[in-house]
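The opening residue of the sequence shown carries number 10 in my numbering; numbering runs sequentially from there. From the three backbone atoms N, C-alpha and C, an ideal C-beta is built for every residue, glycine too. Since the model is a prediction, treat every value here as computed from it, not as a measurement.
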Amino acid sequence: RKTLSDALGTSRLEASVVDVEVHTADGQSVRVHVLPPEDLGLVHAAGLRVYPLRSAWRHLSPEDFRIVGTARQKADWILTHRFCSRCAAPTALDPDTQSIRCPKCGQMHYPRISPAVIVLVQRGRR
10 RKTLSDALGT
20 SRLEASVVDV
30 EVHTADGQSV
40 RVHVLPPEDL
50 GLVHAAGLRV
60 YPLRSAWRHL
70 SPEDFRIVGT
80 ARQKADWILT
90 HRFCSRCAAP
100 TALDPDTQSI
110 RCPKCGQMHY
120 PRISPAVIVL
130 VQRGRR
């Protein structure tokens with residue numbers, strides 16, 4: 010059985026993967042390794058299959074799907090904030106504050122929170 014490490018090579022895989030920490034509903038810490046979209050072509054070329062996240066819900070428990078979805082969002086945030094928006098210096102993850110911090114100017118970048126609420130308003134039978 011071929012693995013992602015076989016497909017990309019260990020050094021390439023370690024350079025490409027975004028390592029993300031996600032917490033389960035009961036507070037346990039889980040490490041998830043996310044491969045950036047630009048490396049998916051290499052996976053296909055190696056004969057491995059990649060499934061879109063939206064179709065993964067059929068194969069995962071609700072909790073695992075939440076963990077994978079959160080990891081994907083966090084990895085996208087990390088990949089799009091590699092440089093400071095204030096001074097353009099390379100940034101680094103700050104595990105103490107769960108932020109991305111600029112070591113040059115001190116700017117802290119936090120993940121975007123986009124809450125959604127679905128509401129049904131009824132009046133009688135309407």
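- Membership of R110 in the beta strand (DSSP E) is indicated by the continuous run 108 to 110.
- Taking the Cα positions, R58 is about 19 Å away from D73.
- In this structure, A101 is the residue among A101, P45, R134 with its C-alpha nearest to the C-alpha of Y119.
- For E30, DSSP records a beta bridge to R40.
- Distance from the CA of C96 to the CA of H90, rounded to the nearest whole angstrom, comes to 12 Å.
- Residue G78 holds the alpha-carbon nearest to the alpha-carbon of V29 among G78, P61, L69, W66.
- Residue burial is scored here from C-beta neighbours: V43 has at least 16 other C-beta atoms within 10 angstroms and is therefore classed as buried.
- In this structure, the alpha-carbon of A54 lies about 29 Å from that of S70.
- Assigned with DSSP and collapsed to three states, P46 falls in helix.
- The C-alpha of W86 is placed about 12 Å away from the C-alpha of Q107.
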